[in-house]
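Student: Residue numbers (this note's numbering): 156 to 423. C-beta atoms are modelled at their ideal positions from N, C-alpha and C, and glycine is treated no differently.
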Amino acid sequence: MKIAFWSNTPGQAGTTSNLVGVALMASMSYHYKTMILQSQYGLYNLDSALMDRGRDDLIREEFSYYYENGIDYLLRKSIISGITTDDVKQGCVEIVRDRAYYIPATIKNSREIYQENIKKHLQSILEAADEFADLTFIDAGCGVNEISARIFEAADMIVVNFNQNCRAMNQFFQSYQKFSEKLVFLIGSYDYNSTYNAKNVQRMYRIDRKNLGVIPYNVGFQDAFGEGKVVRFLKSNFNCREHDKNYYFIKELKASSNMILKRAGLVD
């Protein structure tokens, strides 16, 4: 199952952090084997979120070894001989034991060469990743270009990420309807006090409630995201109680993950 996360506006909807949260929650809550990867050149947020700077030198060196391979290794394999699930295993980093994995982004200096190669070989990489894992989560970035268009075609589901900005929502619903049967929606950095809360957005844009989730802003999660400690944060707060300051965030993150997996037919 290939699930793409995307937004029509840059840097506002929390697309990357939403993806990481949902993917890790899918592995922790439902024990699905998940793979996380990013396709666009120049997106390094996933590296910073998933590489724990507090771990010892040996682990950092091991991560660095894979980092120099990652998607670049998979592209080389695909170009030379074709790609297998063993290649995916070799090119990824395990971030939750036996459950969650990450394919590090390119470290190549040439945007043009990388983009040409990824256009030609993205499909084979996604297919191999999908054979390796139960769920492949793809950060498709923002806006529409040739790479994101190919991801939309390949994806089984597209998670459209908004913030509570009516302009971005209006633009999307006026312009993007091609893949409507694949779409679900997330509101990131969510504030229920906004006029554009989930109930009103559902009514205004005629979104079925079963296709809409929210992920509230949480300073602890954002700090962990910037420090490479997302896995640690989610594990330590997974069973937090109602009085805990992170309870609302974890509750809604679990609910959004459940919504996406339910729409995919993977949970009841």
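In the DSSP assignment, find the alpha helix (DSSP H) that holds Asn159 and state where it starts and stops.
Tutor: This sequence places Ala at residue 159; Asn is not what is there. Careful: Ala159 lies outside any alpha helix (DSSP H), inside the beta strand (DSSP E) at Lys157 to Ser162.
Student: Would you kindly check if the distance between the Cβ of Met190 and the Cβ of Phe292 is under 8 Å?
Tutor: Contact flag set, yes.
Student: Would you be able to state if there are at least three C-beta pairs under 8 Å between the stretch 312 to 326 and the stretch 259 to 270?
Tutor: no
Student: So, helix, strand or coil for Asn355, using DSSP?
Tutor: Asn355 falls in the helix class under three-state DSSP.
Student: Could you have a look at Asn348 and say whether DSSP puts it in helix, strand or coil?
Tutor: DSSP places Asn348 in coil when its eight states are reduced to three.
Student: What's the gap between the Cα of Phe287 and the Cα of Val243?
Tutor: 7 Å
Student: CB-CB under 6 Å to Arg418, same chain, minus the five flanking residues each way: which ones, in chain order?
Tutor: Val339
Student: Check whether the Cβ atoms of Asp285 and Ser194 sit closer than 8 Å, and answer yes or no.
Tutor: Annotated as distal: Asp285 and Ser194, with beta-carbon spacing of 8 Å or more.
Student: Could you check the C-alpha separation between Gln319 and Tyr347 for me, to the nearest Å?
Tutor: 10 Å
Student: What distance in whole Å lies between the Cβ atoms of Leu230 and Asn272, which are believed to be in contact at a cut-off of 8 Å?
Tutor: 5 Å
Student: Is DSSP giving Cys297 helix, strand or coil here?
Tutor: strand
Student: For Asn224, which residues from the same chain have a beta carbon less than 8 Å from its beta carbon, with the 5 sequence-adjacent residues on both sides left out?
Tutor: Gln245, Gly246 and Pro259
Student: Comparing C-alpha positions only, which one of Gly237, Tyr269 and Asn355 sits nearest to Ile302?
Tutor: Tyr269
Student: Would you mind listing the beta strand (DSSP E) stretches within the stretch 364 to 413 that are 3+ residues and don't spill past its ends, in chain order?
Tutor: 367 to 371
Student: For the candidate residues Phe404, Ala304, Val251 and Val385, whose alpha-carbon lies nearest to that of Thr171?
Tutor: It is Val385.
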